[in-house]
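For reference, the structure is listed below as structure tokens.
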Amino acid sequence: MRLELAQMSNNEELLEFYSRFPLENSMQLKLDRGRDFFKYYNIQSDQFVSYILRDDKSTILGHVAFVIETVLIEGKATRIAWSRDLRISPERKAILEWTEHTKDVFAEVRKIFGVEYFMTSLNMNEVVALNTFTRPRSQKRFMPRYFLYRKFDLVSLHGQFPFTYAPDSKLKIRRGNPSQADQYINYLLKKNQDYAFSLYTNKENFLETMDRWTSLSWEDFFIAFDSKDNIVGMMSSWSSAGVQDFIPLRYSLLAHNFRQFLKFGKLFSWSRTLTKPYHRIKIEASLNFRSLNHIYVDHPDIFHSLLWKAYDEARDNEFLVYAHDRKNLNLKPPLGWIAAVQTYGLYLTVLPDEEIPSFLHPSHEGLMNLETTRLI
Numbered sequence: 002m003r004l005e006l007a008q009m010s011n012n013e014e015l016l017e018f019y020s021r022f023p024l025e026n027s028m029q030l031k032l033d034r035g036r037d038f039f040k041y042y043n044i045q046s047d048q049f050v051s052y053i054l055r056d057d058k059s060t061i062l063g064h065v066a067f068v069i070e071t072v073l074i075e076g077k078a079t080r081i082a083w084s085r086d087l088r089i090s091p092e093r094k095a096i097l098e099w100t101e102h103t104k105d106v107f108a109e110v111r112k113i114f115g116v117e118y119f120m121t122s123l124n125m126n127e128v129v130a131l132n133t134f135t136r137p138r139s140q141k142r143f144m145p146r147y148f149l150y151r152k153f154d155l156v157s158l159h160g161q162f163p164f165t166y167a168p169d170s171k172l173k174i175r176r177g178n179p180s181q182a183d184q185y186i187n188y189l190l191k192k193n194q195d196y197a198f199s200l201y202t203n204k205e206n207f208l209e210t211m212d213r214w215t216s217l218s219w220e221d222f223f224i225a226f227d228s229k230d231n232i233v234g235m236m237s238s239w240s241s242a243g244v245q246d247f248i249p250l251r252y253s254l255l256a257h258n259f260r261q262f263l264k265f266g267k268l269f270s271w272s273r274t275l276t277k278p279y280h281r282i283k284i285e286a287s288l289n290f291r292s293l294n295h296i297y298v299d300h301p302d303i304f305h306s307l308l309w310k311a312y313d314e315a316r317d318n319e320f321l322v323y324a325h326d327r328k329n330l331n332l333k334p335p336l337g338w339i340a341a342v343q344t345y346g347l348y349l350t351v352l353p354d355e356e357i358p359s360f361l362h363p364s365h366e367g368l369m370n371l372e373t374t375r376l377i
């Protein structure tokens, strides 16, 4: 077996390999990257590296990508690598071979990009993945250790009950206007100072991200103004359709019941339904949703008003999804919304011969704002 860097010429192979590993949760989801496997990484960073594990017949047995970013940790600009899309064939030989390469891969990524830490996210309901990565390790094998840094909820909003309170009438919520971009960015950078792992450290950094983000423009932002025309909140609404689609293959009993409830609620205009699973209709149809990012608000009521606006202006078959740090009360799902929650863990990956960094200490428990694209 051999490990090699993935190239654009491997695009078709990776698309086929990746489609063999559906996400197993409350629903079985197939991830479809369309025609460009690497586009989703390009959105997140202009620097990333992808590795392929092949057997003697050149068949792909494993893949992992590292997306490189500079964030603020304890007030210091720090280079981190997000481990994404780790997929290993279930053969024991492939798993053992991959672990043999771990140390060399980490060392190479550190050397090339000057990375200090490796982070990854795991769905807390995926028992197999948790057992594989986070259980205690034998000292006889050189295996990475996973330390939980923070728990996040991936919240999906599917509708509103009749008793949901109305948005704040004193707020003016407008679509973003490119001519006022400086005003929006100044607000974002000011709010970003309150968060750990801040991604946007200056205006140039944010604009570079905007340029890379496929199909995202200022018109996709919702900006909240108070009575004096001061910005008091903002969020962006983005669809990953064509970049990364989520195709439901099968629903668990719990998810099936929730889907049936949404169908019932739609009769009264309470909710929007979920896509039918492949095993029922034999057609691969993706979930329709808007991913909410760049969420900064001064008060929970402002967040509720922004959600109301984003939901109202989404298509009739689209629901909303956003990442919520449990410590951030401003972004708690408002009462009266029909919501579903999945819990994710944000983990730091540390090799056995490395020291545990100080920011994992409980004393460093500030708020963290994580874009939804870091979880899914």
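Sequential numbering of the sequence shown, starting at 2, is according to my numbering.
Beta carbons: idealized from backbone N, C-alpha and C, even for Gly.
On a predicted model such as this, the values are computed, not experimentally measured, just so you know.
Close beta carbons around residue i, own chain, < 6 angstroms, minus the five adjacent residues each side
i: Ser253; result: Ser27
i: Ser90; result: Leu62
i: Tyr188; result: Ile232
i: Arg176; result: Glu220
i: Arg3; result: Arg55
i: Ser272; result: His159, Gly160, Leu263, Gly266, Ile339
i: Gly243; result: Gly35
i: Glu372; result: Asn294
i: Leu24; result: Leu30
i: Pro301; result: Asn331
i: Ala286; result: Thr276
i: Ile96; result: Ile89
i: Lys40; result: Val244
i: Ile74; result: Phe360
i: Val342; result: Asp154, Val156
i: Val110; result: Phe67, Ala82, Val116
i: Asn12; result: Phe38
i: Lys191; result: none
Nearest-angstrom beta carbon gap, residue j and residue i [assumed within contact, 8 angstroms]
i: Asp221; j: Ser241; result: At roughly 12 angstroms, the Cβ-Cβ gap does not stay under 8 angstroms, so Asp221 and Ser241 are not in contact.
i: His325; j: Val72; result: About 19 angstroms separates the two Cβ atoms, so there is no contact after all.
i: Ala78; j: Thr210; result: In fact, because the Cβ distance is near 16 angstroms, the residues do not count as touching under 8 angstroms.
i: Phe290; j: Leu255; result: That belief does not hold up - the Cβ atoms of Phe290 and Leu255 are roughly 19 angstroms apart, past 8 angstroms.
i: Phe223; j: Ile174; result: 6 angstroms
i: Leu32; j: Tyr19; result: 7 angstroms
i: Pro163; j: Trp309; result: With a Cβ gap of about 14 angstroms, Pro163 and Trp309 do not count as contacting.
i: Leu217; j: Phe247; result: Incorrect: roughly 18 angstroms between the Cβ atoms, too far for contact.
Contacting residues, own chain, Cβ-Cβ under 8 angstroms from residue i (five flanking each side not counted)
i: Thr274; result: Arg260, Leu263, Lys264, Lys267, Asn318
i: Met144; result: Thr100, Thr103, Arg138, Pro353
i: Trp214; result: Ile44, Trp239
i: Lys171; result: Asp227, Ser228
i: Tyr42; result: Phe49, Ser51, Ala66, Val68, Arg85
i: Thr344; result: Asn124, Met125, Asn126, Lys152, Phe153, Asp154, Leu155
i: Ala315; result: Ser238, Arg291, Leu321
Nonlocal neighbours in the same chain, by C-beta distance under 7 angstroms from residue i, ignoring five residues either side
i: Gly234; result: Ala225, Tyr297, Val298, Asp299, Ile303, Phe304, Leu307
i: Phe148; result: Tyr348, Leu349, Val351, Ile357, Leu361
i: Asp65; result: For the sequence presented, residue 65 should be read as Val rather than Asp. Closer than 7 angstroms at Cβ, skipping near neighbours: Tyr52, Ser84, Asp86, Leu87.
i: Ile69; result: Ser46, Gln48, Phe49, Arg80, Ala82, Phe114, Val116
i: Gly76; result: none
i: Leu16; result: Arg34, Phe38
i: Arg21; result: none
i: Thr165; result: Gly337, Trp338
i: His280; result: Leu250, Arg251
Residue(s) in a DSSP beta bridge with residue i
i: Leu149; result: Tyr348
i: Gly160; result: Ser272, Ile339
i: Ser84; result: Phe67
i: Gly234; result: Ala225, Val298
i: Ile89; result: Gly63
i: Phe247; result: Leu32
i: Ala197; result: Met369
i: Asp154; result: His325, Thr344
i: Arg175; result: Ile224
i: Glu5; result: Ile53
i: Trp214; result: Note: Trp214 sits in no beta bridge, so no partner.
i: Leu24; result: Leu30
i: Trp219; result: Looking at the DSSP assignment, Trp219 forms no beta bridge with any residue, so it has no partner.
Residue i Cβ short of 8 angstroms to the ligand SAM heavy atom set
i: Asn206; result: Ligands in the displayed structure: none, and consequently the ligand SAM is not present.
Only counting runs of 3 or more residues, tell me where the beta strand (DSSP E) segments fall wholly within the stretch 27-82, in order along the chain.
-> 28-33, 49-55, 61-74
Are three or more beta carbon pairs between the stretch 194-206 and the stretch 359-372 nearer than 8 angstroms?
-> yes
Decide if the stretch 121-134 is in contact with the stretch 294-302; the criterion is three or more beta carbon pairs, one per stretch, under 8 angstroms apart.
-> no
Whole runs of the alpha helix (DSSP H) within the stretch 288-376, excluding any shorter than 4 residues | 301-314
Alpha helix (DSSP H) runs wholly inside the stretch 249-295, at least 4 long, in chain order = 254-267, 279-282
Unbroken stretches of the beta strand (DSSP E), 3 residues or longer, contained in the stretch 98-136 | 118-124
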